[in-house]
Amino acid sequence: MLKPVSLHDLAAYVGGTIEGFDGDANLLMIIGVNTLDNAGSDEISFLTNKRYKNAVDQSDAAAILLAASDPLSLQRCIIRVADPYLAFAKLQRLFNPEKEANGIRHGAAVIHETAMIAADVDVAANAVIGEQTSIGEGSRIGIGCLLGDRVTIGKGCLLHAGAIVADDCVLGDNVYLQSGSVIGSDGFGYAWSGEKHLKIPQAGRVLIEDDVEVGANTCIDRGAIGDTVIERGVKLDNQIQIAHNVRIGAYTVMASQVGISGSSMIGRGCQFGGQTGIAGHIKIGDGVKLAGQTGVLSDLDAGGTYAGSPAMPHRLWLKTSALLLKLPEIWKAQRSK
Amino acid sequence: MLKPVSLHDLAAYVGGTIEGFDGDANLLMIIGVNTLDNAGSDEISFLTNKRYKNAVDQSDAAAILLAASDPLSLQRCIIRVADPYLAFAKLQRLFNPEKEANGIRHGAAVIHETAMIAADVDVAANAVIGEQTSIGEGSRIGIGCLLGDRVTIGKGCLLHAGAIVADDCVLGDNVYLQSGSVIGSDGFGYAWSGEKHLKIPQAGRVLIEDDVEVGANTCIDRGAIGDTVIERGVKLDNQIQIAHNVRIGAYTVMASQVGISGSSMIGRGCQFGGQTGIAGHIKIGDGVKLAGQTGVLSDLDAGGTYAGSPAMPHRLWLKTSALLLKLPEIWKAQRSK
Amino acid sequence: MLKPVSLHDLAAYVGGTIEGFDGDANLLMIIGVNTLDNAGSDEISFLTNKRYKNAVDQSDAAAILLAASDPLSLQRCIIRVADPYLAFAKLQRLFNPEKEANGIRHGAAVIHETAMIAADVDVAANAVIGEQTSIGEGSRIGIGCLLGDRVTIGKGCLLHAGAIVADDCVLGDNVYLQSGSVIGSDGFGYAWSGEKHLKIPQAGRVLIEDDVEVGANTCIDRGAIGDTVIERGVKLDNQIQIAHNVRIGAYTVMASQVGISGSSMIGRGCQFGGQTGIAGHIKIGDGVKLAGQTGVLSDLDAGGTYAGSPAMPHRLWLKTSALLLKLPEIWKAQRSK
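Chains as they are written, first to last, in our numbering: chain A, 134 to 470; chain B, 134 to 470; chain C, 134 to 470.
Written out as structure tokens, the structure reads:
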């Protein structure tokens, strides 16, 4: 925990304007960020979801981050900012800084003698690091992490407890792996021999670019031939399945339990809701948004918003979903004619 | 395995009445519980699903647990009980008692010197237990379990092989974690900076109350601010995703592959079918039942039963699902008018 | 990597006929298999998906595997084969042979003194092998794998990093477990006592027959009574959930994130698309095909193809899915009459 920061400095840090405060903002010290309900008088809070508007009045927070565009007028201290969610994120980061790597190697870590590990890298208890695996400066390898042979981990990476990276896979800088994530499992490929399924060796790798985060128990399969690629800035939630030879475009975000089948190409800046499924060999354009539980069986152009299984434009889905409830009425009316 | 138990004592243990048996129930010794098909003449069986009614006649079981309310009349030995499934559960527990903790610490476990572990706790090979982590009496920590720093584990807990509990998370008493479950992974929170997704530090914890079971590879994310809470007696099947700041009410049961998005509040005594998805910031009342693959996008009142995606009352879903199959007929009829 | 193989020998190896090549096929040396786009002049490629037909002309591949039945006529070297996908699989296996077990036991593996392990078995760092567990010839146990007590692993098995096999479970020969898979987690069984859910001890095992592959983070629960059985040649993709007492017929293939509820019986040679869900106590016949996201609530006869939730014949699903989009039109037309 950092030292307290004055309201004045906090507002300046997020580029905000203090309103409704008639004391000396240099003297009001803030110790953290909290929800509207739970914030104390030395904490700051935020309104980013109108569902919680009613909680504003009764919040004890020292100040509340509020959008400059929000018409809400309050009889209390607020900080007007362009984007209160971003401001909240910045303050949450300010008060909860990441730990730094200190070059601590636990005695019960198993590090192959040919591994190349930067001096300040932390390797926690029972982590395993294979032959010729390299780890860049400032990275931290959590307890029980399992890194195979010839793995490349960039700088500033954080592997949480029990993350697994298989042979030959490559992580860029500032990649975060949550616990139980599996990078480089075999893709699911077989050919029917006439008698049984013949396994096709999965000879490719997984390449993860910079600033990617991979959720807990999420799996990314290695390519069959060539690589599975996760471009920079992609954020994957928990329990997502990325099949072999998929490419996910930069800054795309997927909620949990999404499944992407083999060789599909996902655009940049997409947003997929939870439990969405994408068939194999599909192309999805940049900026596509998919509602939760969407099922995609064909290519989708850039920029659209889709829902349903099979996927349809979101507006049409809203209509068909509403009319689905009227099917008994439709049926009855038709019978009576 | 316990010693055999007489039919008389078994019936008494489950509060049942023996019917159709003309020997001495004190002399017929039972060694275990088995299915109708596989039970031998020294085993007891049960009828809890009418699908298996036909197997009753041919079963070699010494006796069959049957509901007092079941009109079935049998020419064989049965034990009438109020609830045969509950009676089966009690006998299965009788014949398969849990192992007890014996205070065995494997030499290859890594236990931090500041950890506070009750004397009789078992810690198996390659488990890791972090700084200031505490474990209550009678708990057993399986092979390769990974417990971070300042974790609290209550009494009588059982962590199966490879379960993971991240820093600062709290488990009550008699909590069971199946293999590969992840407690305290980071919630999925980012703010768009204009250039990239800025990670919001997930500063909360996971609080799990007493008598909770968490399935294999299920993930429960820590809160962003404040805690994710799993109330007492909740049972979560495998591969479930519980996002940050969710609260799950006491005694709620969820089948596998359910996903609950961030900040949703689930009532007490709910039952969710497999692969159900709940959007974020949703409130679901007590006792709500959801069929498998339900998709919930709005609040649901207590006590209802729902199905479909998006969710609708189960009765309506039965109608719309049936009428969906008649859409070709509806379409054709309308065209011909 | 093997030594290069001549075009002539490669064609013979896959039973193919070389066309469009006027050099000496014994002199053209091939070093591997690659995609149409990426193959170099010393690599072979294949056309197995008509989506990629356009890439054939510009491919630099030395030769392209093409179906004997394909009408495509090319001005370049091809190898005609009965099944180009199978031929590709065979060549991929030829150029990427499995590693062999060498009897290497890492010093940081924890092997119980009563374990029975064939001489040539590899056991990697931080693997744990329990009491009376046996492992057959030629098997390889990856880093951090966790095998409980009385586990049986057959010959030629490969357990990738972090795979978990719980007490008493049995794997046949040539079984592959991907990372994070869990074999033998407790099934999800409780009886309501009137006050709380009473756990039903899961006393059965998981039996996996020969030639099965289990995907990353896939879970197979042990039986409550009796065993969960995965028959020979079954292939399970990542993040699949197999509940207690399920039986999966030989050579059945399931894509990722499928969930099979308790006691369901799946036939032989079935193919299930991703995210499919099967309710409990269901019987599915041999050779059934299910599209992705199918929801099965009742028994299905052998040989059918189904889609939708709830499942319907695939042809009907194609119609209803198309007509779903016309619901607004249907509604409007009916209102106007």
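Just so it is clear, CB atoms sit at the ideal spot from N, CA and C, and this is done for glycine as well.
Neighbour flag for C/GLN404 against chain B, beta carbons, 8 Å: no
Neighbour list for C/ASN171 in chain A, Cβ cutoff strictly below 8 Å: ILE358 and GLY359
Per DSSP, cross-strand counterpart(s) of B/ARG273: B/ASP255 and B/LEU291
Test: A/PRO461 CB closer than 8 Å to a CB of chain B: yes
Three-way DSSP call (helix, strand, coil) for A/THR427 in this model: coil
is_contact[C/ASN235, chain A] using C-beta, thresh 8 Å: no
Opening and closing residue of the alpha helix (DSSP H) in which A/HIS141 lies: 140 to 146
Beta carbon of B/ASN350 nearer than 8 Å to that of B/GLY313: yes
Neighbour flag for A/ALA200 against chain C, beta carbons, 8 Å: no
Exposure label - B/SER93; buried when at least 16 CB within 10 Å: One cannot answer for residue 93 of chain B here, as it falls past the ends of chain B, which runs 134 to 470.
Range covered by the alpha helix (DSSP H) that runs through B/SER454: 447 to 457
Within 7 Å of chain B by C-beta, residues of the region 304 to 321 of chain C in sequence order: GLY313, VAL315, SER318, ASP319 and PHE321
Beta-ladder partner(s) of B/ALA196, from DSSP: B/ILE177
Amino acids of chain A, ordered along the chain, whose beta-carbon sits closer than 7 Å to that of C/VAL166: ILE358
Contact with chain C by B/TYR218, beta-carbon distance below 8 Å: yes
Contact set for C/HIS447: own chain, Cβ-Cβ below 7 Å, skip 5 residues either direction: ALA424, THR438, TYR439 and ALA440
Helix, strand or coil at A/PHE321 according to DSSP, with G and I counted as helix: coil
Chain-ordered residues of the region 373 to 394 of chain A with a beta carbon less than 8 Å from chain B: TYR384, VAL386, ALA388, SER389 and GLN390
Selection of the region 346 to 357 of chain A by Cβ proximity to chain C, strictly under 8 Å: ASN350, CYS352, ASP354 and ALA357
B/ARG184: contacting residues in chain C (beta-carbon distance under 7 Å): HIS414
A/LEU457: contacting residues in chain B (beta-carbon distance under 7 Å): THR453
Sequence-distant residues of its chain with Cβ nearer than 7 Å to B/PRO217 (five each side left out): PHE179, LEU180, THR181, LEU198, LEU199 and ALA200
Inter-residue Cα distance where the pair is A/GLY406 and B/LEU205: 49 Å
Within 8 Å, strictly: CB atoms of C/LYS329 and B/TYR323: no
Cβ-based neighbour list, B/ILE333, same chain, cut-off 7 Å, excluding 5 preceding and 5 following: GLY322, TYR323, ALA324 and ALA357
Endpoints, beta strand (DSSP E) assigned at A/ALA435: Unbroken run through A/ALA435: none, as it is neither H nor E.
Closer than 8 Å to chain A by CB, C/HIS293: yes
Cα-Cα separation between C/SER396 and B/VAL284, rounded to whole angstroms: 37 Å
For C/HIS377 and A/GLU231, the rounded distance between their alpha carbons: 42 Å
Close-in-space but distant-in-sequence residues of the same chain around C/SER174 (CB under 7 Å, 5 per side omitted): ASP193 and ALA195
Under 9 Å by beta carbon: chain B residues contacting A/GLY428: The premise fails here: A/GLY428 is roughly 10 Å from chain B at the closest Cβ pair, so nothing lies under 9 Å.
Residues that DSSP places opposite B/PHE405 in a beta bridge: B/MET387 and B/LEU423
Within chain B, partners of C/ILE225 - CB distance below 8 Å: Contrary to the premise, residue 225 of chain C reads as Gln rather than Ile in this sequence. Chain B residues near C/GLN225: none, gap ~30 Å exceeds 8 Å.
For A/CYS290, the nearest candidate out of A/ARG273, A/LEU331, A/ASP419 and A/GLY418 (CA to CA): A/ARG273
Where B/GLU462 sits in the DSSP three-state scheme: helix
Contact under 8 Å by Cβ, C/ASP360 with C/LEU340: yes
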